[in-house]
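**Q**
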Amino acid sequence: MEKRRVSPWIALIPVIFVIVSLYYAIQVIGASPHIPLFTSAIVAALIGMTVLKMKWSEIEEGIVETIKMSMGAIIILMIIGMVIGTWILSGVVPTMIYYGLKVLSPKIFLFATLIMCSVVSLATGSSWTTAGTVGIALMGIGMSLNIPAHVIGGAIISGSYFGDKMSPLSDTTNLAPAMAGAKLFDHIKHMIYTTGPSYIIASILFIIVGFGYSADGLDMTVINQINEGLQANFTINPLLLLVPVLVIGIVVAKVPAIPGLFGGALLGGVAAMAIQGSSLGDVVNALHYGYESTTGIAVIDELLTRGGLDSMMWTVSLILCAMTFGGVMEKTGMLEALANVILRFAKSTGLLVTSVILTAIGMNVLAGDQYLSIVIPGRMFKQAFDDRGLAPKNLSRCLEDSGTLSSPLIPWNTCGAFMIATLGLTPWTYVPYCFLNLINPLVSIFYGFTGITMEKAVKVEGAEA
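So, in structure tokens, the structure goes:
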């Protein structure tokens, strides 16, 4: 069949519809993005059938093929829910948090805040959980030291989003390679090249800024309460850290993600029975429904009540709705029409990387949702990276360097609104101190123009399986 030429103006109609409907749903009525995305898919399909004269069977085929590409990531997300459940039940996550809080040093409070939030977010895979628990405690401690709230907020957000970006337990860390056609662990390892230098620079800046504040009179009450609560309800044992170490070893051994991560979930179950005295029934329930913390300490209960296969269904359904929209846009040629407009300006690899990063940031501004800043640019630019012979992990890295990290900087974005409300921040004032979030996209653009770590595709890389 002859390929249809689609006007960019026609292609803009469903894009405008999805942006307006998402804004209304998320910002005005406080709804989730699922229904607006699915409705936008229907609008795009109607345009395809009426204006572009396509058959429904063609459009449906495009939807199914696009969803099929994401199935590996969906399975991984469900397994990650299981991992979180057994790692909390076994005491792995509590142990990581316990030793992470021990890093606190009165002389370098901001740097210690960055480190602690990084450890907790790596352990949980959630920036929101980190900021909403340990972040709140650190905010109170820092303000008692007369450190401004917006400065502390910058350190909390930087650390929280480090783990959100780098942890294999994070949904965005799984979503980005799924959209780009990369493999999960290849994606994480490739992000080290941009995130590592950015994190070092951010650490130095927090140390420098921290020198300007007095550390006398540090109130350790909240931190001690968390650690005492963890010790009272879990057996804190350094041997539990062998579980994540073994999973890292599995990654290094290049075991595929699905069996490797499920092995990590099972290791957590074994550790739960061996060290915490849990029953097999407890392990099965944690795998399915997650862990429910009942310590009576609000901060700990909020931090540790999570995980399980069921906990990932919200994200899985969001991916399916987003991929339905993306499948229609791709099959009808509307996505290609929009991408071609942007790609006219992307005459080099550096400009292509810049286009991805600016588009992802733009989606965070316009659509107000972190997931869409990964999904839509990922579908738009995948072919352009393939055409240039660039490995898919380059695209997935760009999506996280920009989409994930810019989301908390925008007050009307779901992530920005959460951080402002949770940490008691004033819009925009904290943004200059979110050093990691600001530096990382610039490092990524620099790599694009210099070619540093922009690896070529040596073979066709499929979606993670």
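Residue numbers for the sequence shown follow my numbering, beginning at 6 and rising by one. Glycine included, each C-beta is placed from N, C-alpha and C at the ideal position.
Compute the Euclidean distance between the alpha carbons of M334 and L340, then round it to the nearest angstrom.
**A** As a first step, residue 334 must be located in the sequence shown, where it is residue number 329. As a first step, residue 340 must be located in the sequence shown, where it is residue number 335. C-alpha separation (whole angstroms): 5 Å.
**Q** In terms of residue numbering, what span does the alpha helix (DSSP H) encompassing V33 cover?
**A** The residue given as residue 33 occupies position 28 in the sequence shown. Unbroken run through V33: none, as it is neither H nor E.
**Q** Hey, would you say L410 sits closer than 8 Å to N445, going by beta carbons?
**A** By 1-based counting over the sequence shown, the position of residue 410 is 405. By 1-based counting over the sequence shown, the position of residue 445 is 440. The answer is yes: Cβ separation under 8 Å.
**Q** What does L395 pair with, by DSSP beta-bridge criteria?
**A** Reading the sequence shown from its first residue, position 390 is the one you call residue 395. L395 pairs with K461.
**Q** State yes or no: is the C-beta of T100 within less than 8 Å of the C-beta of N290?
**A** Looking up residue 100 in the sequence shown gives position 95. Looking up residue 290 in the sequence shown gives position 285. No, they are not a contact pair.
**Q** Tell me which residue opens and which closes the alpha helix (DSSP H) that N345 is part of.
**A** The count along the sequence shown starts at 1 and reaches residue 345 at position 340. Segment 339-348, the alpha helix (DSSP H) holding N345.
**Q** Please name the residue in L127, G215, I228, L246 whose C-alpha comes closest to that of I141.
**A** In the sequence shown, the residue the question calls residue 141 occupies position 136. It is I228 whose Cα lies nearest to the Cα of I141.
**Q** Can you list, in chain order, the residues of its chain whose CB lies under 7 Å from that of I471, leaving out five sequence neighbours each side?
**A** Examination of residue 471 is not possible in this model, given that the chain is present from 6 through 470 alone.
**Q** Check the C-beta distance from K336 over to G186 and give it rounded, since I have them as a contact under 8 Å.
**A** Walking along the sequence shown from the start, residue 336 turns up at place 331. Walking along the sequence shown from the start, residue 186 turns up at place 181. That belief does not hold up - the Cβ atoms of K336 and G186 are roughly 17 Å apart, past 8 Å.
**Q** Can you tell me where the alpha helix (DSSP H) with W133 in it begins and where it stops?
**A** Translated into positions along the sequence shown, residue 133 becomes position 128. Its alpha helix (DSSP H) spans residues 132-135.
**Q** I'd like to know whether the C-beta atoms of S203 and S172 end up nearer to each other than 8 Å.
**A** Position 198 of the sequence shown holds residue 203. Position 167 of the sequence shown holds residue 172. No; because the gap between Cβ atoms is not below 8 Å, this pair is not in contact.
**Q** Looking only at its chain, what residues have a beta carbon closer than 6 Å to the beta carbon of H195, apart from the 5 residues adjacent to it on each side?
**A** For the purposes of this step, residue 195 is identified with residue 190 of the sequence shown, where counting begins at 1. Counting only Cβ-Cβ distances below 6 Å, and skipping sequence neighbours, we find K398, R402.
**Q** Taking A270 as the reference, which of G282, E70, V97 has the closest Cα?
**A** The residue labelled residue 270 in the question sits at position 265 within the sequence shown. Nearest of G282, E70, V97 to A270, Cα basis: V97.
**Q** Assuming V11 contacts A342 (C-beta within less than 8 Å), just tell me the rounded distance between them.
**A** For the purposes of this step, residue 11 is identified with residue 6 of the sequence shown, where counting begins at 1. For the purposes of this step, residue 342 is identified with residue 337 of the sequence shown, where counting begins at 1. The Cβ separation is near 4 Å, so the contact holds.
**Q** So what's R10 in DSSP terms, helix, strand or just coil?
**A** Mapped onto the sequence shown, residue 10 falls at position 5. It is coil, neither helix nor strand.
**Q** If you pair each beta-carbon of the stretch 449-461 with each one of the stretch 359-367, do three or more pairs fall below 8 Å?
**A** Contact holds: three or more Cβ-Cβ distances are below 8 Å.
**Q** Excluding five sequence neighbours on each side, which residues of the same chain lie with their C-beta closer than 7 Å to the C-beta of K461?
**A** In the sequence shown, counting from the first residue as 1, residue 461 sits at position 456. Cβ neighbours of K461 beyond the five flanking positions: G394, L395, A396.
**Q** Just list the residues that DSSP pairs R311 with in beta bridges.
**A** Stepping through the sequence shown from its first residue, residue 311 is reached at position 306. In the DSSP output, where bridge partners are listed per residue, R311 has Y296.
**Q** Can you tell me whether N151 is buried or exposed? The criterion is at least 16 other CB atoms within 10 Å of its CB, across all chains shown.
**A** Your numbering for residue 151 matches position 146 in the sequence shown. When all chains shown are included, N151 counts as exposed.
**Q** Taking 6 Å as the limit between beta carbons, can you name the residues of its chain near I381, skipping five residues before and five after?
**A** Position 376 of the sequence shown, counting from 1, holds the residue named residue 381. Answer for I381: M368, listed in chain order.
**Q** Identify, in the order they occur along the chain, each residue of the same chain with its Cβ nearer than 8 Å to the Cβ of I52, setting aside the five sequence neighbours on each side.
**A** Here the question's residue 52 lines up with position 47 in the sequence shown. Closer than 8 Å at the Cβ level, and outside the excluded window around I52, lie I15, I18, P19, T337, M339.
**Q** Apply the 10 Å Cβ neighbour rule to V465 and answer buried if 16 or more other Cβ atoms are within range, or exposed otherwise.
**A** Against the sequence shown, residue 465 aligns to sequence position 460. Reliability fails at V465, whose pLDDT of 48 lies under 50, so the model's placement of it is uncertain and no value is given.
**Q** Can you list, in chain order, the residues of its chain whose CB lies under 6 Å from that of S165, leaving out five sequence neighbours each side?
**A** On the sequence shown, position 160 is the one that residue 165 refers to. Only C122, S126, S132, T135, A136 meet the Cβ criterion.
**Q** Measuring alpha carbon to alpha carbon, tell me which residue in S163, L377, T310, L245 is nearest F440.
**A** In the sequence shown, residue 440 corresponds to position 435, counting from 1. The option with the nearest alpha carbon to F440 is S163.
**Q** If I measure Cβ to Cβ from F22 and keep anything under 7 Å in the same chain, skipping five residues before and after, which residues do I get?
**A** To locate residue 22, count along the sequence shown from 1; it is residue 17. Only S45, V48 meet the Cβ criterion.
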